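Q: Position 9 (the sequence shown) corresponds to 9 in full-length UniProt numbering; numbering is contiguous.
Quick reminder that beta carbons are idealized off the backbone N, C-alpha and C, glycines included.
Everything numeric in this text was worked out from a predicted model, so none of it was measured.
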Amino acid sequence: MLRWKDIVHFSVNGNPEPDLRVEKTEQEWRELLSPEQFRITRKKGTEAPHSGALCSIYEAGKYSCICCDTPLFDSTIKFESGTGWPSFTQPIKENAIKYERDNSYGMVRVEVMCNTCDAHLGHVFPDGPEPSGLRYCINSESLQLDKKTEAYGE
Numbered sequence: 001m002l003r004w005k006d007i008v009h010f011s012v013n014g015n016p017e018p019d020l021r022v023e024k025t026e027q028e029w030r031e032l033l034s035p036e037q038f039r040i041t042r043k044k045g046t047e048a049p050h051s052g053a054l055c056s057i058y059e060a061g062k063y064s065c066i067c068c069d070t071p072l073f074d075s076t077i078k079f080e081s082g083t084g085w086p087s088f089t090q091p092i093k094e095n096a097i098k099y100e101r102d103n104s105y106g107m108v109r110v111e112v113m114c115n116t117c118d119a120h121l122g123h124v125f126p127d128g129p130e131p132s133g134l135r136y137c138i139n140s141e142s143l144q145l146d147k148k149t150e151a152y153g154e
């Protein structure tokens, strides 16, 4: 289980190697994504709070990267944080997420990205529920929910 010290370590010392890499040109990403998905995932945008389609959905399934379809989060670790964005306590695998220090807007935060394709997902904070104490605050536009959990052997 990842804890805040692990997140800080990754953001300072480097991230775990992803299982694979997906790289596309800006034009290829534009053709694949909606304008809003492109703005958020490729240009590090943010959707307005409480506006995302996945904010209030708690159906069983896996949340994957909208850009490359890499599984990132499981519905069993999603929780209502009251922030207006989907929130999770852990990634599906330690190497699914990439972490970078983010000093934008006069704040010090840790940005989270898909470790496979570098899509901006959101940020992680040390104010989540136990046992991890983590809150991955993720843009709905960065994710897609795959409700076919049997495809993952469940």
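Figure out for me which residue from 10, 74, 28, 94 has the closest Cα to the Cα of residue 19.
A: If we check each option's Cα against that of residue 19, 94 comes out closest.
Q: Rounded to the nearest angstrom, how far is the Cβ of residue 58 from that of residue 73, given a contact under 8 Å?
A: That pair is no contact at about 12 Å.
Q: With residue 37 as the anchor, note down where its alpha helix (DSSP H) starts and where it stops.
A: Residue 37 -> alpha helix (DSSP H) spans 35-43.
Q: Runs of 3 residues minimum, wholly inside the region 29-107: which ones carry the beta strand (DSSP E) assignment?
A: Runs of the beta strand (DSSP E) inside the region 29-107: 62-65, 71-74, 97-102.
Q: Pull up the distance between the alpha-carbon of residue 55 and that of residue 113, whole angstroms please.
A: Approximately 18 Å between the Cα atoms of the pair.
Q: Starting from residue 123, follow its DSSP beta bridges and name the residues at the other end.
A: Paired residues: 111, 137.
Q: Do residue 36 and residue 141 have their CB atoms nearer than 7 Å?
A: Yes.
Q: Excluding the 5 residues flanking residue 2 on each side, which residues of the same chain have their C-beta closer than 8 Å to its C-beta?
A: Within the same chain, residue 2 has close Cβ partners 90, 91, 94, 132, 134.
Q: Which first and last residues belong to the beta strand (DSSP E) in which residue 146 is found?
A: That run of the beta strand (DSSP E) goes 143-146.
Q: According to DSSP, simplified to helix, strand and coil, what is residue 12?
A: Three-state result, residue 12: helix.
Q: Could you check which residue in 98, 34, 52 has the C-alpha nearest to that of residue 9?
A: Comparing Cα positions, the closest option is 98.
Q: When the distance is taken between beta carbons, is residue 81 closer than 7 Å to residue 87?
A: Taking 7 Å as the Cβ cut-off, residue 87 and residue 81 qualify as a contacting pair.
Q: Does DSSP put residue 6 in a helix, in a strand, or in coil?
A: Looking at residue 6 - three-state DSSP - the assignment turns out to be helix.
Q: Just mark residue 78 as buried or exposed, buried being the case when its beta carbon has 16 or more other beta carbons within 10 Å.
A: Result: buried.
Q: Nearest by alpha-carbon distance to residue 25: which of 109, 103, 117 is it?
A: Comparing Cα-Cα distances from residue 25 to each of 109, 103, 117, the minimum goes to 117.
Q: How would you call residue 139, buried or exposed, if buried means at least 16 neighbouring beta carbons within 10 angstroms?
A: When all chains shown are included, residue 139 counts as buried.
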